[in-house]
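Comments concern the structure below.
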Amino acid sequence: MRRLTCLLLSALLLFCCTGCQREESASLELFAMDTYMTLSARGEGAQDALTAVSREINRLEQLLSRTLPDSDVSRLNLQGAAQLNTDTAVLLQQAVALSRQTEGAFDVTIAPLVNAWAITSDTPRVPSPQEIAQLLPLVGSDHITVTGSTAQLDERCAIDLGGIGKGYASDRAAQLLKEHGIEHAAISLGGNVYVAGTRSDGTPWQVGLQDPANTGSIALRLALSDRFAVTSGGYQRYFTAEDGTVYQHILDPKTGYPAQSDLLSVTIVSRSGTAADAYSTALYVMGQQEAILFWKGLMADGDPENDFDMILINNQRQALYTPGLAEQVTLEKESSYVLQALTA
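Quick note: the sequence shown uses numbering that gives the first Met the number 0, first residue 0, plus one each step.
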């Protein structure tokens, strides 16, 4: 089944209010990178800015897709070595660094396992333990060598940038909006959201997080400005085997099986869409205890490049949030979750 949008922008397209007629507002919808996307902006040149963003998203899809035969990723996977577009090379370098930082909880070389399970395809299957054991040695960032714009893979290895590509696209969208002088915008690339400035009434954007146990409702909301927010969870895509076992789509690179996590969803709030995308997957795979330790470790390092906030929704109906979101997070009135603050 297609990935469900887990971040919903409240009143995304509702820019009109008293006095707003003096400002240009625009909105655009498209389907790219296997997800439905909505783009909205307010300010002089808003329509031109969104057109530029949509073109960039489509351009990146042509480079980063694992299923398009002429993409950089497909050529690299097929040939084992390839000269890459600058964007592809930069993203692959970032992906390798994030894999090492998360000790393999996020890893783009998981493609052979993704192919074996085929959970997001029309013909998902359960690989045998023997097949998984044969594929596991092919997974690991050490199998990739990136030198400038050239990349090389070890024999039989392959990459899948699906867990980080939309994050990179959202970073590029934010950059293009800035270049066009747009200070107020909301970009939703499936479960990857970027919000700039404020809504038309001057208040922060309201980003709603789906209830993992009831995807038709919102569990809580985040009031955000000039931030990226990305959510990952096993409820987004899954399939049910003939014996009734449900297998979710996020694979653990260390075991080769769908992650057995005590978390229902992970939301990362960051200044980097690329990092937020990778972290949301990695921390879900880690599970609650390791995810909290990972966050504390990065906070202790004091490197602003690694700074992020998060919300962990666990299977005990708790929504754990980091201190930076204390003034931004609110539960929906009918939500059955309990908010609980984390400490660094």
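Yeah, the Cβ is synthetic: ideal placement off N, Cα and C, and Gly gets one too.
- Around the C-beta of K332, fewer than 16 other C-beta atoms lie within 10 Å, and the residue is accordingly described as exposed.
- In terms of Cβ geometry, G162 and D276 form a close pair [threshold 8 Å].
- Between I181 and A195, the CB-CB gap stays under 8 Å.
- Beta-carbon to beta-carbon, T230 and G190 are separated by about 5 Å, close enough to satisfy the 8 Å threshold.
- If you draw a straight line from the Cα of Q209 to the Cα of V337, it is about 15 Å long.
- Straight across, the Cα-Cα distance linking R316 with D225 is about 29 Å.
- In the same chain as Y283, and ignoring 5 residues on each side of it, the C-beta atoms closer than 7 Å to its own belong to S231, G232, I249, A258, S260, L262 and V265, in chain order.
- Here V95 really is in contact with I143; their C-beta atoms are around 6 Å apart, less than 8 Å.
- Minimum Cα-Cα distance from S187 among the listed residues R220, L152 and F227 corresponds to F227.
- Counting along the chain, no beta strand (DSSP E) covers N305, and no H or E run does either.
- Taking the CA atoms as reference points, D306 sits about 20 Å from V206.
- Taking I109 as the centre and dropping the five residues before and after it, the same chain places the C-beta of V138, D159, L250 and P252 closer than 7 Å to its C-beta, in chain order.
- Taking C-beta atoms under 8 Å as the contact rule, E130 and A117 fail to qualify, at a distance of about 12 Å.
- Taking C-alpha positions only, L324 is separated from P68 by approximately 42 Å.
- Beta-bridge partners of S231 (DSSP): V265.
- The beta carbons of A40 and L223 sit no closer together than 8 Å.
- The residues L134, L250 and G255, in chain order, have a CB closer than 6 Å to that of L112 in the same chain once the five nearest residues on each side in sequence are set aside.
- Residue pairing of W204 in beta bridges, as defined by DSSP: L223.
- About 19 Å separates the beta carbons of D86 and H179, which is beyond the 8 Å limit, so they are not a contact pair.
- F238 sits in a strand when the DSSP states are folded into three classes.
- Sixteen is the threshold: when 16 or more other Cβ atoms of the shown chains lie within 10 Å of the Cβ of G286, as they do, the residue is buried.
- Annotation: K295 to T101 spans about 13 Å, alpha carbon to alpha carbon.
- S70 sits close to L63, with the two beta carbons spaced by under 8 Å.
- Beta-carbon to beta-carbon, S53 and L75 are separated by about 26 Å, too far to satisfy the 8 Å threshold.
- Taken through DSSP and simplified to helix, strand or coil, Q327 comes out as coil.
- When beta bridges are read from the DSSP output, L250 appears opposite P257.
- Going by C-alpha positions, Q82 is about 7 Å away from A150.
- Taking each of I56, T119 and I310 in turn and checking the Cα distance to L319, the smallest one comes out for I310.
- Positions of the beta strand (DSSP E) runs, each at least 3 residues long and wholly inside the stretch 57-112, are given as 80-82 in order along the chain.
- The Cβ atoms of F105 and A281 lie closer than 8 Å to each other.
- Look at the stretch 145-210 and you find these whole runs of beta strand (DSSP E), each 3 residues long or longer: 149-152, 183-188, 191-195 and 204-210.
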